[in-house]
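Taking it in order: structure first as structure tokens, then the write-up.
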């Protein structure tokens, strides 16, 4: 199912080393992690998320290219393929901007500021759309992008100046699953007369 890449796909590859498994304590069944509920919630979200549909389209297109196992040497055909890819990316970017989803708020967070009530806001909702309409670069200020994670918000030196904040549906779904786990771990909420 996966493309045969790497040394393991070669005819005379070297054997790999095996490392003995580490000893660990197994998780007790009394501490349920709500696996079934988490899988159900995640599957519903993935089914309704446009970004995952884009990922599946891209996977299908890549599989088709790998199965065809040929590339056109005709310059006009190649230019058309490149133009189609560019048009697809632009269409998706417009759909993302037009969607009603709230843009993420990105804060500067360090170990020193984690407990402080007022965090420095690096990217706020509407900034990206307003900057694009005005033709302004959406690159984050250099002093705000000094963190190691700055490439996630489009502020790294090795990145294009016009890059948007990274869109990572897998990371977002991982955070949603974690939020679901926290929610389910709190247990059911019951009505109470005390305040």
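Numbering (the numbering used here), first residue to last: 71 to 265.
Glycine residues also receive a C-beta, built at the ideal position from the N, C-alpha and C atoms.
Those residues which DSSP pairs with residue i across a bridge
i           : result
residue 191 : 177
Cα-Cα separation, residue i to residue j
i           : j           : result
residue 107 : residue 238 : 23 Å
residue 105 : residue 143 : 50 Å
residue 182 : residue 251 : 27 Å
residue 223 : residue 263 : Bear in mind that the predicted position of residue 223 carries a pLDDT of just 43, short of 50, making it too unreliable to give a figure here.
residue 80  : residue 96  : 37 Å
residue 249 : residue 110 : 14 Å
residue 145 : residue 157 : 18 Å
residue 257 : residue 246 : 17 Å
8 Å contact criterion, which residue i and residue j should meet: CB distance rounded
i           : j           : result
residue 166 : residue 191 : 21 Å between Cβ atoms; not a contact.
residue 240 : residue 115 : That belief does not hold up - the Cβ atoms of residue 240 and residue 115 are roughly 12 Å apart, past 8 Å.
Same chain, Cβ closer than 7 Å to residue i, five either side skipped, listed in chain order
i           : result
residue 76  : none
residue 121 : 237, 239
residue 119 : 239
Residues near residue i by beta carbon distance below 8 Å, same chain, minus five either side
i           : result
residue 83  : 77
residue 254 : 104, 107, 108
Chain-order list of residues whose beta-carbon lies under 6 Å from that of residue i (same chain, five-residue window excluded)
i           : result
residue 159 : none
beta-carbon residue i near the ligand NAP non-hydrogen atom, thresh 7 Å
i           : result
residue 141 : Summarising the ligand content, the structure contains no ligands, and the ligand NAP is consequently not present.
| field | Contact between the segment 86 to 93 and the segment 125 to 145 (3+ Cβ pairs under 8 Å) | value | In the pairwise beta carbon analysis, the segment 86 to 93 is classified as not touching the segment 125 to 145: fewer than three pairs are separated by under 8 Å.
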